[in-house]
Structures are given as C-alpha cells and as structure tokens.
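Asks: This is the structure I have questions about; it appears just below.
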Amino acid sequence: MKIMVLGAGAVGSLYGAKLSKLNDVTLIARKEHADRIKKYGLKITGLEDKTYWLKTAAKINKIEYNTLILLTTKVYDSEKAIGSIKNLIKKGTVILCLQNGLYSENIAKKILKNKCLVLRAITNFGAVFLEPGAVKYNSCSYTAIEKSQKSREIAGNFKKCGLNGYVSESIKADMWKKLILNCVLNPVTAILKVENKAIADESLNPLKKLIVGECLKVAKRDGLVLKIDFVKAINKEFKGSMNISSMQQDLMKGKQTEIDYLNGAVVKLGGKYGIKCPVNEALAEIIKEMEKKR
373 MKIMVLGAGA VGSLYGAKLS KLNDVTLIAR KEHADRIKKY GLKITGLEDK
423 TYWLKTAAKI NKIEYNTLIL LTTKVYDSEK AIGSIKNLIK KGTVILCLQN
473 GLYSENIAKK ILKNKCLVLR AITNFGAVFL EPGAVKYNSC SYTAIEKSQK
523 SREIAGNFKK CGLNGYVSES IKADMWKKLI LNCVLNPVTA ILKVENKAIA
573 DESLNPLKKL IVGECLKVAK RDGLVLKIDF VKAINKEFKG SMNISSMQQD
623 LMKGKQTEID YLNGAVVKLG GKYGIKCPVN EALAEIIKEM EKKR
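Going by the numbering used here, the sequence shown opens with residue 373, and the numbers climb by one from there.
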C-alpha cells in the first residue's frame with residue numbers, strides 16, 4: 373500500500389516508521405526533520421531502539437492512485453494541509469484523519485466535499501518529538517478506524533505493522549471517549565507541568581469529575597450516552613505513564629496548542645445546546661494565557 377503521512381511530527385513519524393514494515397511510506401514533514409531522516413534515518417527510542425529508513429519530503433507534489441494519506445497535523449493546521457493537496461487528490465485517494473478534537477475530520481470533508489473518502493481514526497499511542505530525525509516511543513495503544521468499504525483492509529494492514537488497527541463499531545463513541553480523556557489529561561498536566569502519570573493522583577479526582585461531568589452532559593445532547601467511570605479509567609491508564617501530554621509539549625516549544633479543539637470545542641458545542649461548561653471554559657482560558665506568555 374502507498375502511504376503518505378502528512379504532518380509527520382511525533383505520532384506521525386512513529387506511524388510512518390511502523391507502517392514502513394509492509395508499505396511504501398513517505399513522510400511529509402518540516403524540512404529540517406525530513407532532511408535529517410533522509411541523511412541519518414528516523415531514530416526511534418523508548419519502547420524500541422531502531423533506525424528506520426523512509427522516503428521523506430517537505431511537501432506533496434504528486435499523489436498516485438489508491439494512496440492512503442494519514443493526516444497527523446495539528447487540527448489547526450488541517451485547513452492549510454488539505455488545501456495544499458486538494459487539486460492533487462484522486463477518486464481512489466483515502467484520507468485517514470488521525471487527530472485529536474471534536475469532529476476534526478469535518479475540516480477535510482468540508483474542503484474536499486465528495487472528492488475522495490475521508491475517514492476518522494483514533495489512537496492513544498504516545499510519542500515525543502526529541503529533535504529533527506528522532507522520536508521517543510513512550511506507549512503502545514490502538515488505532516480505531518471509522519467504518520467504510522476500505523476500512524477492513526486498512527485496519528488489517530495497521531495490525532500487521534504493530535499498530536493494533538481495528539474497525540470501530542462507533543467512531544463517534546471512540547471520538548468522545550478520547551476527547552474526554554484529553555480534556556482532563558492535556559490541560560491539567562500542562563498547567564501543573566507534570567508527566568502524564570501525575571493525572572492519576574486521587575487528590576485531583578474532584579477536578580477530573582467536574583471536567584468529565586460537563587463533557588458527558590454535552591455528549592448526551594449530541595446523541596451519545598457514555599456509561600463509563602472516566603475518572604477510574606484515567607487513573608488506571610496513566611498511573612505509570614512517563615509520557616508528556618501533547619499540550620505540554622506544545623507549550624514547552626512555544627507553540628499553539630489544540631485547546632480550542634478539546635475543552636474549547638466542548639464549551640462551544642455546549643453553548644449551542646444551552647449547556648454551560650464553566651470548568652472546561654476556565655481551563656481553556658488558562659491555557660490560552662499560557663500560550664500568550666510563551
């Protein structure tokens with residue numbers, strides 16, 4: 373399978389490396405990262421210690437038939453990324469949006485209309501961008517893929533490459549589950565400047581319950597009832613995690629975060645339904661202030 377990873381940062385580079393086991397993969401990345409990989413290979417450390425040799429480029433000039441494009445940019449870069457390849461896309465192209473956020477795949481769908489198949493995917497693989505050409509692989513997870521005629525083939529390919537791919541029974545439910553997790557994990561660890569494992573501290577449970585409670589009210593009005601003890605699940609999943617949340621990584625680098633597509637998106641959708649979300653709104657405002665200072 374021909375695969376292009378558009379926006380190859382930490383997670384995108386990790387996916388590209390894993391997928392290169394069985395596929396013809398090209399990483400589309402920032403020039404410095406792409407040049408470093410071309411010269412020295414992509415160095416993956418952490419859960420494995422290996423150098424992968426992949427094709428790289430700073431932009432896409434041509435898309436061959438039946439190419440899978442893995443969109444791993446930050447959500448706020450989606451419009452620019454998809455806009456840059458809009459005229460190159462063919463009917464057989466599949467775009468798999470492996471991103472955070474609430475209905476973030478709709479950005480690509482709006483731009484492309486019915487030009488090609490656009491699917492959503494959800495993952496919890498953890499990786500940190502160390503420097504150009506080097507990524508630390510911190511946690512193994514899954515890849516849930518939205519249902520379509522192409523999804524079984526893609527999921528099977530991902531599974532063989534160690535990315536635990538499967539076709540989701542409800543990508544909407546998977547999206548909301550990941551969103552709620554991110555609404556707790558990302559802003560709280562970024563504000564406290566701690567590793568992910570710190571979110572399992574039970575003294576934070578009251579705050580976590582407030583965040584989750586608001587999210588569940590909005591999800592219910594959005595047509596989804598989730599009967600999950602999210603606080604318990606978060607405490608269990610991140611108890612030993614040495615990973616650093618993507619939001620904290622962004623702030624450390626002085627970059628924009630995805631807060632508008634996480635807690636901010638919950639607040640916005642809640643407003644549409646007449647549901648106030650003061651805790652999520654406060655977290656979003658704090659992160660926005662932290663962005664300004666950096």
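Yeah, the Cβ is synthetic: ideal placement off N, Cα and C, and Gly gets one too.
Our contact map puts L399 next to G388 with C-beta atoms below 8 Å; I'd like the distance itself, whole angstroms only.
Replies: So it is a contact: roughly 5 Å between Cβ atoms.
Asks: Below 8 Å on the Cβ atoms is my guess for I457 versus I435; work out the distance and round it to an integer in Å.
Replies: Yes, they are in contact, since the Cβ atoms of I457 and I435 sit about 7 Å apart, within 8 Å.
Asks: According to DSSP, is Y475 part of a helix, a strand, or is it coil?
Replies: Y475 falls in the coil class under three-state DSSP.
Asks: Looking at I543 and R492, is the spacing between their C-beta atoms short of 7 Å?
Replies: A contact, by the Cβ cut-off of 7 Å.
Asks: Given Q628, which residues of its chain have a CB within under 8 Å of its CB, disregarding the five upstream and five downstream residues?
Replies: Taken in chain order, the residues that qualify are K446, Y448, D622, E663.
Asks: Starting from T423, trace the beta strand (DSSP E) in both directions and tell me its first and last residue.
Replies: 422–424 is the span of the beta strand (DSSP E), which, as asked, contains T423.
Asks: Note down, in chain order, each residue of its chain lying with its Cβ closer than 6 Å to the Cβ of L502, except the 5 sequence neighbours on either side.
Replies: So the qualifying residues of the chain are K508.
Asks: In this structure, how does DSSP classify G418 when only helix, strand and coil are distinguished?
Replies: Three-state DSSP puts G418 in a strand.
Asks: Assuming contact is defined by CB atoms lying nearer than 7 Å, are L474 and A637 in contact in what I supplied?
Replies: Going by C-beta atoms, L474 is nearer than 7 Å to A637.
Asks: Taking DSSP as the reference, what is the three-state secondary structure of R402?
Replies: The answer is coil: DSSP assigns R402 none of H, G, I, E or B.
Asks: At a cut of 8 Å, does the segment 605–612 reach the segment 565–572 through at least three beta carbon pairs?
Replies: Contact between the segment 605–612 and the segment 565–572 is present, because at least three Cβ pairs lie under 8 Å.
Asks: From which residue to which residue does the alpha helix (DSSP H) around G413 run?
Replies: G413 -> no alpha helix (DSSP H), and no H or E assigned at all.
Asks: Taking all protein chains shown into account, decide if K390 is buried (16 or more other Cβ within 10 angstroms of its Cβ) or exposed.
Replies: Buried, since its Cβ has 16 or more Cβ neighbours within 10 Å.
Asks: Are the segment 516–535 and the segment 571–580 touching by the rule of at least three beta carbon pairs closer than 8 Å?
Replies: Not touching, per the Cβ criterion.
Asks: For the alpha helix (DSSP H) containing Y538, name the first residue and the last one.
Replies: It is not in any alpha helix (DSSP H) - Y538 instead sits in the beta strand (DSSP E) that spans 537–539.
Asks: Closer than 6 Å by C-beta to A516: which residues in its own chain qualify, once you throw out the five before and the five after it? Chain order, please.
Replies: Once the five neighbours on either side are set aside, the close Cβ partners of A516 are I494, S540, D546.
Asks: Output the residue ranges of the alpha helix (DSSP H) runs that lie fully inside the segment 426–460 and measure 4 residues or longer, sorted by chain position.
Replies: Segments of the alpha helix (DSSP H) lying fully in the segment 426–460: 450–457.
Asks: In whole angstroms, what is the alpha-carbon distance linking N433 and A380?
Replies: One C-alpha to the other measures close to 16 Å.
Asks: Can you give, in chain order, each stretch of the beta strand (DSSP E) that sits fully within the segment 535–573 and has at least 3 residues?
Replies: With a minimum length of 3 residues, the continuous beta strand (DSSP E) runs that stay inside the segment 535–573 are 537–539.
Asks: Please go through the same chain and pick out, in chain order, the residues whose beta-carbon is closer than 7 Å to the beta-carbon of V584, but skip the five residues on each side of it.
Replies: For V584, where only same-chain residues beyond five positions count, the Cβ hits under 7 Å are I552, V556, F602, V603.
Asks: Should Y645 go down as buried or exposed, given a rule of 16 or more other Cβ atoms within 10 Å for buried?
Replies: Counting Cβ neighbours within 10 Å, Y645 comes out exposed, since fewer than 16 surround it.
Asks: So, using beta-carbon positions, are V383 and A499 closer together than 7 Å?
Replies: Result yes, Cβ atoms of V383 and A499 sit closer than 7 Å.
Asks: Can you check DSSP and say which residues form a bridge with S511?
Replies: According to DSSP, S511 bridges with G498.
Asks: Quick check: the Cα distance between N459 and K411, rounded to an integer number of angstroms?
Replies: C-alpha separation (whole angstroms): 30 Å.
Asks: Just to confirm, is the Cβ distance from W548 to A605 under 7 Å?
Replies: Cβ atoms of W548 and A605: not closer than 7 Å.
Asks: Applying the 10 Å Cβ sphere with the 16-neighbour rule, what's the burial state of C488?
Replies: The residue in question, C488, is buried, as its Cβ has 16 or more Cβ neighbours within 10 Å.
Asks: Which residues does DSSP pair with R492 in a beta bridge?
Replies: DSSP lists C469 as partners of R492.
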